Amino acid sequence: MNLDALTEIVENQDNYLEGQANDLGLKVGSVRAATLIVDDEGYDALKGKQVWVFDNAVRPLIEDVPCDGYRGPFGEDDIECNNLVDDDDLVESYQSDSFLCGYCQGAKNNDDYDRDRLMNE
Ligand SMILES: [Zn+2]
Numbered sequence: 045m046n047l048d049a050l051t052e053i054v055e056n057q058d059n060y061l062e063g064q065a066n067d068l069g070l071k072v073g074s075v076r077a078a079t080l081i082v083d084d085e086g087y088d089a090l091k092g093k094q095v096w097v098f099d100n101a102v103r104p105l106i107e108d109v110p111c112d113g114y115r116g117p118f119g120e121d122d123i124e125c126n127n128l129v130d131d132d133d134l135v136e137s138y139q140s141d142s143f144l145c146g147y148c149q150g151a152k153n154n155d156d157y158d159r160d161r162l163m164n165e
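Listed below in structure tokens is the structure:
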């Protein structure tokens with residue numbers, strides 16, 4: 045569980061909490077409440093149904109987050125990637141709205157580099 049990513053979500057990425065609440069048919073207020081409790085006081089401070097809400101709505105956002113898969117410079121490659129986003133990169137992933145594992149990020153960086161070089165020729 046990545047608490048730095050949790051803080052990033054609390055401060056800047058409320059839309060992810062709304063998305064999870066909608067997907068699960070929960071009130072966004074209860075998802076926010078459970079998130080704030082863990083951010084302020086820690087997981088052990090959750091009580092009753094809040095534990096379920098947090099584990100199902102919030103935990104998947106900050107633990108074992110799957111790679112979206114890099115689809116090539118034009119988004120044309122249909123690649124399924126089964127890796128997880130590196131925990132150290134998770135905060136940045138939320139900030140850039142790009143969830144890639146180290147392997148896919150490397151492929152993207154290479155393509156970005158090639159594209160920039162071609163554009164500058
Ligand atoms: Zn990947």
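According to the working numbering, the residues represented by the sequence shown are 45 to 165, in order. From the three backbone atoms N, C-alpha and C, an ideal C-beta is built for every residue, glycine too. Source: prediction; values computed, not measured.
Distances from the CB of ASN127 to the heavy atoms of ligand 1 include at least one below 6 angstroms. Within its own chain, the residues whose Cβ lies closer than 8 angstroms to the Cβ of LEU128, once the five positions on either side in sequence are excluded, are ASP108, VAL109, PRO110, CYS111 and CYS145, listed in chain order.
Per DSSP, LEU47 has no beta-bridge partner at all. In this structure, the straight-line span from the alpha carbon of MET45 to that of GLY69 is close to 23 angstroms.
Under a 10 Å Cβ-count criterion, LEU47 is classified as exposed, with fewer than 16 other Cβ atoms of the shown protein chains found around its own Cβ. Taking C-beta atoms under 8 angstroms as the contact rule, GLN57 and TYR138 qualify, at a distance of about 5 angstroms.
Nearest to GLY92 by C-alpha distance, out of ASP67, PRO104, ILE123 and ALA77, is ALA77. Shortest gap from the CB of TYR60 to any heavy atom of ligand 1: 6 angstroms or more. Put simply, the backbone Cα of VAL75 is about 29 angstroms away from that of CYS125.
For LEU70, the secondary structure class from DSSP, reduced to helix, strand or coil, is coil. Counting C-beta atoms within 10 angstroms of its own C-beta, TYR60 has 16 or more neighbours from the protein chains shown and is therefore classed as buried.
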